[in-house]
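Below: the structure, in C-alpha cells.
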Amino acid sequence: MDAWPGSTYPLGATFDGNGTNFAIFSEGATRVELCLFTERGRETRIPLIDVDAYVWHAYVPNIGPGQRYGFRVHGENDPSQGLRFNPNKLLLDPYAKAVDGQITWGQSVFGYDFGDPDTRNDEDSAAAMMKGVVISPFFDWTGDRQPKTPYAESFIYEAHVKGLTELHPDVPEELRGTYAGVAHPAVIDHLVKLGVTAIELMPVHQFVNDSTLQEKGLANYWGYNTIAFFAPQNTYASTGQHGQQVQEFKGMVRALHDAGIEVILDVVYNHTAEGNHMGPTLSMRGIDNGAYYHLEDDDKRYYTDYTGTGNSLNVRHPHTLQLIMDSLRYWVLEMHVDGFRFDLASTLAREFYEVDRLATFFELVQQDPVVSQVKLIAEPWDVGPGGYQVGNFPPQWTEWNGKYRDTVRDFWRGEPQALGEFASRLTGSADLYEHSGRRPVASINFVTAHDGFTLRDLVSYNEKHNEANGEDNNDGESHNRSSNFGVEGPTDDVEVLSIRARQQRNFIATLLLSQGVPMLLHGDELGRTQGGNNNGYAQDNEITWIDWSTVDQPLVEFTAAVARLRREHPTFRRSRFFDGRPVKMEEGAPIPDIVWLRPDGSVMQPEDWDSGFGRAVGVFLNGDGIRERDRRGVEITDKHFIVLFNAGDEATDFHLPSPTFSPKWDVLIDTAGARANTDPVSPGETVPLEAKSVMVLCQHELPEPEVDHSVAASLTAQANPLHPDDLPGRAPRPEL
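To convert, count from 1 in the sequence shown and add 30; that's the numbering used here.
See the structure below:
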C-alpha cells in the first residue's frame, strides 16, 4: 500500500477527503508501524519512515472514514529503566477520535508473563485489542448556538448517559442508554421543566471495562478508566462504532443546545486504564512509557500513584500536556461542549511531588484562547500528600465544594456545632474563595453526587450497603453524615416516610437557595434509590439506573418550583459576596445586605454563633442591592427575602423582625407544608416553624394606589401633601 511522507500535525488520524494522515509521538521508539485492519481482522502494516521532532507520520491515500487501525512500536524493553516497547502488542492511538470494539482479556494484552512481572511476553495482542477508527470530521452544525449561561444563573445536573435513559419508558428501546436517548424530547423536556441549564455527563471518553470486575460479573459503570481522550464511548452509541458514535454525540449536543442546555464533560486526565506495573499494555505504556506516566525515581518499573488507580499522567512532560490541551480544544471546537469537570484535578498540579497551584497545566489553560473561555470545574483533591485543595485553585476555576456537602448534611441531621459554618456555606463560602479574588460562583454546591448516597438514601440509611460490589461491604465511604430516622432502609411507617420526604425537600431548598452554583445528582428530584449502595461504580444494572416507573412527582414539582424561584430572583444568585454593610444610605436606619436572625427576631450577635442556643436560624436577604436587566434591557431590583431554617427535632416559634425590613411577608415555601400560600404575615407575628423544615418569605407587594386624574383630586393633593414618612413601608414618625 502506498504511503506518502505526510505531516507531523495534527497528531492522530486526520481524513481530508482523499486520504488520511497518521501521526504519533514517541521519543524512545526505534521503529513505528501503522497497522490497518479489514472487517475480518486482516492486518496490513505500513512502516512510518518519516519522523520529525519524535513525531512519526505518513499520509495514506484512499483511506477514509470507518478504517480501523492501530500502531506497533519497536524499541528497547527494559522495565527497570521505564522502557516497555514491544511490537507484538497492538497499541491504540492516544489521539483516536473513535474506537471500535472492546478488549478481550487474556495473556496477549499484557507485556509480561502472568505471575512474573519482570518477564517479557511476546504474544500478539491484535485480535484481543480495540482499534482506532478514522472518522469523518464533517457535521452540519448550522444553527447551533452554545448557550453560554453565566455561572450565577447556572443549575447543573450531574447525569450518567446510560443510567439516565436506560429505563425511561418514553425513550424508544433502541435509543435507551445512548447519546440519542439523552437527546430524546422526553429527557430534554424533563430537564427543561426542572430549570436545568447544564448537564454534566459522567465520563464519556472511551474507557476500559476492567477484567477484575468482569470476573465478578460486574462492570466499570462510572467510566473513570479512560483509554482514549478524543473518542466518545462507543457503547453509548445506538448507531454503530465505526465513527457513528461521533455523529451521534454531536447530535445530542445540538439537541441540548436547542433547549438552552449546556453540556459539561466529566474528564479523567489524571490517569489511564493501563494501571500499574501489573497492568496491560494497551496504548501509552507501549508508545512512550516514561513520557506519558509518572515513574518512581528510584525504580522506574513502578508508577507513582496519586489517584488510587495505579498510575498518574506525567504532566511535566510537554507531549503529555499537549495531549491534554489538544483533547480539551477538540471537544470544544469540534464537539461543541461547553465545559469540563476535572476528576481528581489536584493530580494535574503535581509537576514534581507537591501540589503546585501555578503548575504548567494551569498556566496553559489560562493562556489558551479556547479552553480558557469555557466552564472549568475542579474536583479539588486526589489521594496524594496534600491533595485536599478545596479553595486553592486558580481564579478562573470553580470547584466542587466538598465542605458545602459535609456542612449541609451535618446541619440537617442536627449537629449544633455546624451552625456557624452552615451560614458560611449558605452564603457562598467566602472563607474559601474570597481571598483569591474569586466570587460566590467559584463554589459548585452539592449535597449528593455519583460517589455516595443518593438523596433518598441519605435520609433512609445510616450505614452503607455495598454487598453487591463483591468487597464484603468494605468499599465506599463509611462516614456518610446521614440519618435514617429510626428505620434502616424501606419502611411502611407513615411518620418516618413523612419526615424523610420533608428532609429531601429541605436539602433541595437549601441547595437551590444557597449562593454559588447548585449541582443536583440525576434522579434526586425523582426519589431515586440505590438501596443504600454508596459506591455504585461497578453496578451497570437496576441498582444505579433511574427507575422512571416510581417517580416521586411531588418532589419533581417542588424542585422545579424552587429552581424557578432562584431563576427569577437574583437575590439567591449574587455575583459578589455579602459584606454585612448597608446597601444604600437614606434617611433613617440603613438595612445591611444580609442580616442573621435569632428565633426571637433579634439580630444574631457574634457570641450567638458559639452559644449553642439551638438549631434554628433565619437570614434576611436584601434585594435592593441586586440589579439586573430584564429582556427589554430595563434595570430592575429584586425583592427582600427571609429564609428560616429549623434543623431541630422540635417545632420553633419564629418571630418576624421589625417593619424596617418589610411591612408584610408572603410565605412562598414551607417544606413542612403548613404555611405556604396563606395570607400575608406581618412584622412581629410569630410563625410556627416545624421541626426539620425550611420556610421562605418574600417581601409582600402592596397594591398600587389607583390614580385619580380629575381636577378635584389634583387640588386635594396640593392641599394635603403626603409626608415622606407616610409612604408605604416607611416606619411611622416618632411623636413630638
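Don't be surprised by glycine CBs; every beta carbon is placed ideally from N, CA and C.
On a predicted model such as this, the values are computed, not experimentally measured, just so you know.
In the three-state DSSP reduction, Asp436 falls in the helix class (H, G or I).
Contact between Gly644 and Gly678 is confirmed by a C-beta separation of about 6 Å, below the 8 Å threshold.
DSSP places Asn536 inside the alpha helix (DSSP H), whose first and last residues are 524-543.
Separation of the CB atoms of Gln97 and Val164 is rounded to 4 Å, and the pair is thereby assigned contact status at 8 Å. Of Ile229, Arg175, Phe237, Val222, the smallest CA-CA separation from Lys161 is found for Phe237. By the C-beta density criterion, Thr540 is buried, having at least 16 other C-beta atoms within 10 angstroms. Taken through DSSP and simplified to helix, strand or coil, Glu278 comes out as helix.
The alpha carbon of Tyr187 has as its nearest neighbour, out of Val420, His220, Tyr323, Phe169, the alpha carbon of His220. When the beta-carbon positions are compared, Gly566 and Asp487 stay at least 7 Å from each other.
A distance below 7 Å separates the beta carbons of Phe260 and Tyr360.
Exposure of Thr172 is indicated by the presence of fewer than 16 other C-beta atoms within 10 angstroms of its C-beta. In the DSSP assignment, the residues bridged to Trp695 are Val711, Gln729.
Within the segment 170-205, the runs of beta strand (DSSP E) at least 3 residues long that lie entirely inside it are, in chain order, 186-189. The three-state reading of DSSP puts Gly162 in strand, counting E and B together.
With fewer than 16 other Cβ atoms inside 10 Å of its own Cβ, Tyr39 counts as exposed. Contact between Trp695 and Pro718 does not hold, since their C-beta atoms are separated by about 14 Å, which reaches or exceeds 8 Å. The criterion of a C-beta distance shorter than 7 Å is satisfied by Glu230 and Arg371. The continuous beta strand (DSSP E) containing His104 extends over residues 98-104. In the three-state reduction of the DSSP assignment, Arg371 falls in the strand class. By the neighbour-count definition (other C-beta atoms within 10 Å, threshold 16), Thr484 is a buried residue. Between Gly49 and Asn92, the gap from beta carbon to beta carbon is short of 7 Å. Between the alpha carbons of Pro180 and Tyr99 lies a gap of roughly 42 Å. Annotation: Asn300 to Lys405 spans about 19 Å, alpha carbon to alpha carbon.
Exclusion of the five residues before and after Ser605 leaves Ala182, Arg469, Pro470, Val471 as the residues of its chain whose Cβ lies within less than 8 Å of its Cβ. Beta-carbon to beta-carbon, Pro95 and Ser37 are separated by about 19 Å, too far to satisfy the 8 Å threshold.
Fewer than three pairs of CB atoms, one per stretch, sit closer than 8 Å, so the segment 252-268 makes no contact with the segment 193-201. Considered as a whole, the segment 439-483 harbours 449-456, 460-463 as its complete alpha helix (DSSP H) runs of no fewer than 4 residues, in chain order. Exposed is the label assigned to Glu637, since fewer than 16 other Cβ atoms lie within 10 Å of its Cβ. Assignment of beta strand (DSSP E) within the segment 565-628, counting only whole runs of 3 or more residues, yields 624-627 in chain order.
In the structure shown, the three-state DSSP call for Tyr322 is helix.
When the alpha-carbon of Asp328 is set against those of Val581, Gln111, Gly225, the nearest one is in Gln111. Our two residues, Thr337 and Val234, have alpha carbons roughly 19 Å apart in a direct line. The C-beta distance from Tyr251 to Ala568 rounds to 6 Å, short enough to meet the 8 Å contact threshold. Where Lys405 is concerned, the enclosing beta strand (DSSP E) starts and stops at 405-408. With distances taken between CA atoms, Phe168 lies nearest to Phe45 out of Glu555, Ala157, Phe45, Gln545.
The beta-carbon separation of Asn475 and Ser528, rounded to 26 Å, does not stay under the 8 Å limit for a contact.
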